[in-house]
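Peer 1: Counting from 2, one number per residue, gives the positions in the sequence shown under the numbering used here.
Here it is, the structure, as structure tokens.
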Amino acid sequence: MKVKILGAAMEVGRSGFLVSDNNTNFLLDYGVLLRKKGKAPAYPLHVKPKDIDAVILSHAHLDHSGNIPSLFISGHNKVYATPPTLELSKLLLEDMLKLEKNFCLFGNNEIDAMMKNSKMMNYGNKIKINDSIFELKCSGHVIGGSTIIIESGKKRLFYTGDINPNGSRLLSEADLELDEIDILITESTYSQTEQMSRAESESGLIKFANEIMEQNGVLFIPAFSVERSQEIACVFQKNNFKYPIFMDGMALKVNKIISKYPEYLRDPKIFMNTLNKITQIRNNKDRENAIHNPCVIISPAGMLVGGNAIYYLNKLAFNKKNGIALVSYQGEGTQGKRLLDTGKISIRRNDVNVQARVRPFEFSGHGDRNSLFDVIKKIKGNPTVLAIHGDIKSCTMFSQEIKEKFGFRSYAPKIGETFTC
Ligand SMILES: [Zn+2]
């Protein structure tokens, strides 16, 4: 079995791995690395559609799915994924097309072709192509998110995709019931970071929200529209939060998609109760009405770039009775990162001090250092390990530690490298 690294080598973004055995070639994920406004996204290495037997998509996030439609410019491939992954991918790809229209390699026709050629599979289904069999298991990272297992000859490969071994309010933990593995491709995002415990993050957020409510303020929570917005709303619901909760933007479309797949949720009842509790914001009038009384507003974008975040910042950030809770990862160069580091935001190219109280909370959909090592502990066999999807330090240190602690052959691969086992 051979693995060629097409992307996500010592970086977070543009995932893509070509897995080959005898006469079968699988492409695992094919994403983009979105960069600052005005800069073209980075793509994984090129592959010819005719050289691939099947594309297997781990989950909907654009760093895993965002370049798949480009395979349909000159070819047709079957794309295998869970039903929620396919539906959410379509939503995110169409959104990317709007935001990045000057840079996208493909258009709506290619997204449509991708959807027409997609093959739904649920966790545990096994698909056979030539002499190889593949399967998806729950990754705990996002709704419909999967790990991927490929068996070919006597070799077995396990790709974690993005993984959360603990799951969340919304999602079950990753399924790590596995047979012996020969190649492990593991994400490394937080391999060098220990995160606040989930219980601490939840109680901290609820306490902060109540403090803001008691001083008659509004708590603005910028959050990614897929999963994080819903997860945060569920946290408030589960903690019997007494004040109104509003939700805005693309998160509302995602709510509709998630409600179609209750079997992919840990506890569909909490999610449905949460949907009944929140008030949807549809337009500027709703927005204007919401901000005058104590309440929580959950709205994209998670890093305060685009979406309705600008509206809420303008209205709420300059009054100290209000609060801003950052519950998503804040990428370098984003407004959210600037706010977190300096307490300022940039408005019309001027840096302005924010008066509202700002607090970060950790609700990551990725496993942290301890839980990533828990994944490695559960791996049976003596695999070759490829540590990808993390910054340089996270991939190289993780690979080094796996070698030292478990004795596995372990690498932080470079883009374009090929490994055989
Ligand atoms: Zn992801």
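C-beta: ideal position from N, C-alpha, C; glycine also.
(1) By the DSSP assignment, the alpha helix (DSSP H) with A210 in it spans what residues?
(2) Any heavy atom of ligand 1 closer than 7 Å to the beta-carbon of D132?
(3) Assuming A10 contacts P414 (C-beta within less than 8 Å), just tell me the rounded distance between them.
(4) Can you have a look at Q231 and say buried or exposed, based on whether 16 or more other CB atoms are within 10 angstroms of its CB?
(5) State the CB to CB distance for the pair V376 and I403, rounded to an integer number of angstroms; the pair is presumed to be in contact (CB under 8 Å).
(6) Quick one, which of S147, H142 and V143 has its alpha-carbon nearest E136's?
(7) May I ask whether a heavy atom of ligand 2 can be found less than 7 Å away from the beta carbon of D375?
(8) Along the chain, where does the alpha helix (DSSP H) that runs through D163 open and close?
(9) Between F104, K40, P45 and K38, which has its C-alpha nearest V13's C-alpha?
(10) Do the CB positions of H60 and S140 come within less than 8 Å of each other?
(11) By how many angstroms is the C-alpha of S119 removed from the C-alpha of L87?
(12) Measuring CB atoms only, is the region 325-342 touching the region 281-296, in the sense that at least three cross pairs come out at less than 8 Å?
(13) Can you check which of these residues, F242, K243, N274 and N240, is closest to I256 by C-alpha distance?
(14) Closer than 7 Å by C-beta to V276: which residues in its own chain qualify, once you throw out the five before and the five after it? Chain order, please.
(15) Suppose you measure from the CA of I6 to the CA of E418; what does that come to, to the nearest Å?
(16) My guess is that A326 and L158 are in contact by the Cβ rule of under 8 Å, so how many angstroms apart are they, rounded?
(17) Starting from the C-beta of L35, find all residues in its chain whose C-beta is less than 6 Å away, skip the five residues before and the five after it, and write them out in chain order.
(18) May I have the straight-line CA-CA distance separating G324 from I299, to the nearest angstrom?
(19) Quick check on P26: buried or exposed, where buried means 16 or more other Cβ atoms within 10 Å of its Cβ?
(20) In whole angstroms, give me the CA-to-CA distance for C105 and Q401.
Peer 2: Judging by the given coordinates:
(1) Translated into the one-based positions of the sequence shown, residue 210 becomes position 209. DSSP places A210 in the uninterrupted alpha helix (DSSP H) bounded by R199 to E215.
(2) As a first step, residue 132 must be located in the sequence shown, where it is residue number 131. Residue side-chain check: D132 keeps its Cβ at 7 Å or more from all non-hydrogen atoms of ligand 1.
(3) For this step, residue 10 is matched to residue 9 along the sequence shown. For this step, residue 414 is matched to residue 413 along the sequence shown. That pair is a contact at about 5 Å.
(4) On the sequence shown, residue 231 is found 230 positions in, with the first residue counted as 1. The residue is buried, with at least 16 neighbouring Cβ atoms inside 10 Å.
(5) Mapped onto the sequence shown, residue 376 falls at position 375. Mapped onto the sequence shown, residue 403 falls at position 402. Contact flag wrong, Cβ pair sits at about 10 Å.
(6) Within the sequence shown, the letter at position 135 stands for residue 136. Answer by Cα proximity: S147.
(7) Looking for ligand 2 in the displayed structure turns up nothing; the ligands present are ligand 1.
(8) Start at 1 with the first residue of the sequence shown, and residue 163 comes out as number 162. In the DSSP assignment, D163 falls outside any alpha helix (DSSP H) and carries neither an H nor an E.
(9) Taking the first residue of the sequence shown as position 1, residue 13 is located at position 12. Minimum Cα distance to V13 is reached at P45.
(10) Residue numbering aside, residue 60 sits at position 59 when the sequence shown is read from its first letter. Residue numbering aside, residue 140 sits at position 139 when the sequence shown is read from its first letter. Yes; because the gap between Cβ atoms is below 8 Å, this pair is in contact.
(11) Taking the sequence shown and counting its residues from 1, one reaches residue 87 at position 86. Taking the sequence shown and counting its residues from 1, one reaches residue 119 at position 118. Approximately 8 Å, taken between the alpha carbons.
(12) No: the two stretches stay apart, fewer than three of their Cβ pairs being nearer than 8 Å.
(13) Against the sequence shown, residue 256 aligns to sequence position 255. Rather than Ile, the amino acid found at residue 256 in this sequence is Asn. When each option's Cα is compared against that of N256, the closest is N274.
(14) Start at 1 with the first residue of the sequence shown, and residue 276 comes out as number 275. With the sequence shown as reference, residue 276 is identified as Leu, and Val is not the correct amino acid for it. Result list for L276: N256 and S260, in chain order.
(15) The sequence position of residue 6 within the sequence shown is 5, counting from 1. The sequence position of residue 418 within the sequence shown is 417, counting from 1. Cα to Cα, I6 sits roughly 6 Å from E418.
(16) The count along the sequence shown starts at 1 and reaches residue 326 at position 325. The count along the sequence shown starts at 1 and reaches residue 158 at position 157. Distance from A326 to L158 at the Cβ level is roughly 39 Å; contact not present, criterion being Cβ atoms closer than 8 Å.
(17) One-based indexing of the sequence shown puts residue 35 at position 34. Here the set comprises P42.
(18) For this step, residue 324 is matched to residue 323 along the sequence shown. For this step, residue 299 is matched to residue 298 along the sequence shown. One C-alpha to the other measures close to 12 Å.
(19) Taking the sequence shown and counting its residues from 1, the one referred to as residue 26 is at position 25. Note that residue 26 corresponds to Asn in the displayed sequence, not to Pro. Looking at its Cβ environment, which holds 16 or more other Cβ atoms inside 10 Å, N26 is buried.
(20) What you label residue 105 is simply residue 104 of the sequence shown in a count that begins at 1. What you label residue 401 is simply residue 400 of the sequence shown in a count that begins at 1. Put simply, the backbone Cα of C105 is about 37 Å away from that of Q401.
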